[in-house]
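Engineer:
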Amino acid sequence: MAVTAAVTVYVRDGREHFFAILLGDVTLFTAMLPKVLAGCLIGAFVTLLLPREMVARWVGHESGFTGLLIAAFFGFLLPGGPITIYPVAGAFLVMGADAGAVVAFIVSWTLVGYTRALVWELPFFGSDFVLWRIIEALPLPIIAGLLARIAARAGFKYRDNDQ
Amino acid sequence: MTLAINILLWLVVAGLAFIAATRGQVLLKDGARGGAMEFLLLLPRIGIGVIGSGFLAEALPNEWIAPWLGPQSGFFGVMIATIGGALTPGGPVVGFSIGAAALKSGAGAPQVIAYSTAWALYAIHRLLIWEVPLMPARVVWLRAMVSLPLPFLAAALAILLGRP
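Residue numbers (the working numbering), protein chains in the order written: chain A, 28 to 190; chain B, 2 to 165.
So this is what it looks like as structure tokens:
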């Protein structure tokens, strides 16, 4: 995809334009590198310092609105990709968390999580845009968690052993 | 702004490294090595993505993007962006490249936010490949269901707050 787009620009707009864009993007990319590295390091340290079992215990036992807030906070805090996050969310359920907390956790990780934002989003969009988007996303995990609770109360069965 | 964020981030890194160091040299080394390794592994992918999205933005026909997804496209543009986000396959490089390219070619910020929010929350491939195998399926569907309105909310908030 990248190569096709680059060739298109080169052929259509000529060499000078091609290099102008290349230079602009390389500059943007290099400017973001220290933040990306910081994101990777924060992620690595948090993984080591914050055992997942501890997090699961916190979220699993607390319910009510505070439970949603805690779940959303850990969604923001926990680094890692889908392969580490979904098992943690599964552990929440096992340890007694309700669907609302699990939903708030996953949505928060997806939308507010700093590792994703720092490592992936920042190099593409720049810090102002990302910061602005995250501020707008702050209430969304809580809203999703509340909606999930409403759905569960309305009779949506989310545990396999529900009667 | 960028500098302030950099300083803040590196203060956090220093703080975490300090806590790790008080718990033992091994922990400090493991953390530093783990973070650095991940950074090196990610570097080429992000590099290609960022540079590629710059060219993609140039190659995309602006006159086509602006009316459909531009700031004037309103709710309809947000709707298209949301559907596009749900249907975009691939990892973060793909989703963010397309979003960044669209933004550069004249798409409105709320529309791009709706796109990346929808893509992050319920890109269909991600639900099927990652979430369903690792989580109870009913929880996944519940989460996807309650996530449906979120891209619209995000876009609405974006319109309300205005661009910085």
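Note that CB positions come from ideal geometry on N, CA and C, so glycine has one too.
#1: Do the segment 11 to 26 of chain B and the segment 70 to 82 of chain A meet, that is, are 3 or more Cβ pairs less than 8 Å apart?
#2: Please report the straight-line C-alpha distance between Pro62(B) and Ser106(B), rounded to a whole angstrom.
#3: Measuring only the C-alpha atoms, how far is Ser148(B) from Tyr123(B)?
#4: Is the beta carbon of Phe132(A) closer than 7 Å to that of Gly94(A)?
#5: Per DSSP, what kind of secondary structure is Ala124(A) in: helix, strand or coil?
#6: Thinking C-beta only, is Thr118(B) closer than 7 Å to Pro68(B)?
#7: If you follow the alpha helix (DSSP H) that Met146(B) is in, where does it begin and where does it stop?
#8: Among Tyr113(A), Glu163(A), Val129(A), which has the Cα closest to the Cα of Ala110(B)?
#9: Alpha carbon to alpha carbon, how far is Met122(A) from Val115(A)?
#10: Work out the CA separation of Val129(A) and Leu104(A) for me, nearest whole Å.
#11: Flag this pair as yes or no: are the beta carbons of Pro93(B) and Trp136(A) separated by less than 7 Å?
#12: Would you say Trp147(A) lies against chain B (beta-carbon separation less than 7 Å)?
#13: Which of the residues in the segment 71 to 94 of chain B, read from start to end, lie with their CB under 7 Å from any CB of chain A?
#14: In this structure, how does DSSP classify Gly96(B) when only helix, strand and coil are distinguished?
#15: Against chain B, with Cβ distances strictly below 7 Å, would Ala48(A) count as a contact?
#16: Are three or more beta carbon pairs between the segment 72 to 90 of chain B and the segment 24 to 32 of chain B nearer than 8 Å?
#17: Counting only runs that start and end within the segment 49 to 112 of chain A, where is the alpha helix (DSSP H) found for 4 or more residues in a row?
#18: Among Ala155(B), Ala159(B), Gly50(B), which has the Cα closest to the Cα of Val134(A)?
#19: Taking its Cβ as the centre, do 16 or more other Cβ atoms sit within 10 Å of Thr54(A), making it buried, or is it exposed?
#20: Is the separation between the beta-carbon of Leu149(A) and that of Lys62(A) shorter than 7 Å?
#21: Under 7 Å between C-beta atoms, does Val157(A) make it to chain B?
#22: The alpha helix (DSSP H) spanning Arg180(A) covers which residue range?
#23: Excluding the 5 residues flanking Val157(A) on each side, which residues of the same chain have their C-beta closer than 6 Å to its C-beta?
#24: Measuring only the C-alpha atoms, how far is Ala5(B) from Trp11(B)?
#25: I believe Gln112(B) touches Ala157(B) by the beta-carbon criterion, under 8 Å. Please report the beta-carbon distance rounded to the nearest angstrom.
#26: Can you list, in chain order, the residues of its chain with a C-beta nearer than 7 Å to that of Ile66(B)? Leave out the 5 residues immediately preceding and following it.
#27: Chain A beta carbons: is any one of them nearer than 7 Å to that of Ala115(B)?
#28: Are the CB atoms of Pro106(A) and Thr142(A) nearer to each other than 7 Å?
#29: Can you grab the Cα-Cα spacing for the pair Ile125(B) / Gly127(A), in whole Å?
#30: At a CB-CB cut-off below 9 Å, which residues of chain B make contact with Arg160(A)?
#31: Would a check of beta-carbon distances place Gly117(A) closer than 7 Å to chain E?
Structural biologist: On the basis of the data shown:
#1: yes
#2: 8 Å
#3: 7 Å
#4: no
#5: coil
#6: no
#7: 138 to 148
#8: Glu163(A)
#9: 10 Å
#10: 15 Å
#11: no
#12: yes
#13: Pro93
#14: helix
#15: Checking the sequence shown, residue 48(A) turns out to be Ile, not Ala. Chain B, which has a Cβ nearer than 7 Å to the Cβ of Ile48(A), makes this yes.
#16: no
#17: 79 to 88, 91 to 104
#18: Ala155(B)
#19: exposed
#20: yes
#21: no
#22: 167 to 180
#23: Ala144, Glu148, Leu149
#24: 10 Å
#25: Actually they do not touch by this definition, with Cβ atoms about 12 Å apart.
#26: Ala103, Ser106, Gly107, Ala108
#27: no
#28: yes
#29: 21 Å
#30: Ala110, Val113, Ile114, Ser117, Thr118, Ala155, Ala159
#31: Chain labels in this structure do not include chain E; the protein chains are A and B.
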